[in-house]
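Enquirer: Each step along the sequence shown adds one to the number in numbering that gives the first Met the number 0, with nothing skipped, and position 26 is 25.
From the three backbone atoms N, C-alpha and C, an ideal C-beta is built for every residue, glycine too.
First the structure, then my questions, so here it is.
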Amino acid sequence: MKHFLYRLLITSLAVLFVAKLLPGIEVTSLPGLVLAALILGLLNAFLRPLMVILTLPLTVFSLGLFIFIINGIILYLTSAIVSGFEISSIWVAIFASILISIVSSIMNWLAKG
């Protein structure tokens, strides 16, 4: 449970940071932010592996770059599900997913150090 809450906090902070940094992403409430981080984690745990398997030939052909598209789709889907978390376009979602991955990786690295 402690690890789950830690991951939820890191993801929430990463999403908030990227929302402040990148135009096209809007977080209007704290519960919306936490719910977005929770839904994002659930979709990454259950839907993302299925999407990776289904698009494996395309991912291999693009030398792995299609994973960025999958991550953006997951983030855009999260914004469609959660009220209080809005993303203006799929391209913003793709770029935001890259930034969220980088920010959360740095935050995890700093927390362990």
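Who are the near neighbours of I80 in its chain, counting only those whose CB is closer than 7 Å to its CB and skipping five residues on each side?
Expert: Hits under 7 Å: I38.
Enquirer: Could you compute how far the alpha carbon of L7 sits from the alpha carbon of S96?
Expert: Between L7 and S96, the C-alpha separation is close to 16 Å.
Enquirer: If you draw a straight line from the C-alpha of L21 to the C-alpha of L15, how long is it?
Expert: Their Cα atoms are separated by approximately 10 Å.
Enquirer: Check this for me: beta carbons of I9 and S103, under 8 Å apart or not?
Expert: A contact, by the Cβ cut-off of 8 Å.
Enquirer: Relative to the alpha-carbon of F84, which residue among G23, K1, H2 has its alpha-carbon at the smallest distance?
Expert: That would be G23, whose Cα lies nearest to the Cα of F84.
Enquirer: Given that a residue counts as buried once 16 or more other Cβ atoms are within 10 Å of its Cβ, and exposed if not, what is Y5?
Expert: Exposed, since its Cβ has fewer than 16 Cβ neighbours within 10 Å.
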